[in-house]
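Using our numbering, the first residue of the sequence shown is number 137, and each one after it goes up by one.
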Amino acid sequence: MKVISSQKFEKDLNKFPKITIDRIITKIKDLETGKENLDIRKLKSGSDYRLRVGDYRIIFEYDKLENETVILLHTVIHRKDAYK
137 MKVISSQKFE
147 KDLNKFPKIT
157 IDRIITKIKD
167 LETGKENLDI
177 RKLKSGSDYR
187 LRVGDYRIIF
197 EYDKLENETV
207 ILLHTVIHRK
217 DAYK
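Below you can see the structure in the form of structure tokens.
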């Protein structure tokens with residue numbers, strides 16, 4: 137799988153401390169390689185999913201691009217703000 141991050145995702149990611157960024161990047165790599173037992177849930181509205189990383193949530197979606205599954209990363213946000 138290929139991972140594509142949005143500008144918003146990059147901007148949001150850079151707001152966090154380095155240790156949190158490292159944890160988030162590790163989870164994204166696990167998602168990209170298809171590692172099992174990740175805490176992923178489909179959101180009720182739309183085609184988005186969320187990946188839990190401690191108190192933070194990565195909002196993303198799966199898409200098909202030229203016969204390949206692509207992961208589009210939309211944002212990373214603290215859990216208290218994620219479901220408003």
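We put the CB at the ideal spot given by N, CA and C, even for glycine.
If you look at Glu197, you'll find it isn't in any alpha helix (DSSP H); it sits in the beta strand (DSSP E) that goes Tyr192 to Leu201. By the Cβ neighbour-count rule, Val212 is buried, with 16 or more other Cβ atoms within 10 Å of its own.
Under DSSP, the beta-bridge partners assigned to Leu209 are Ser141 and Phe196.
Your pair Arg159 and Gly182 does not check out as a contact, with CB atoms roughly 26 Å apart and the cut at 8 Å. In the three-state scheme derived from DSSP, where H, G and I count as helix and E and B as strand, Glu172 is classed as coil.
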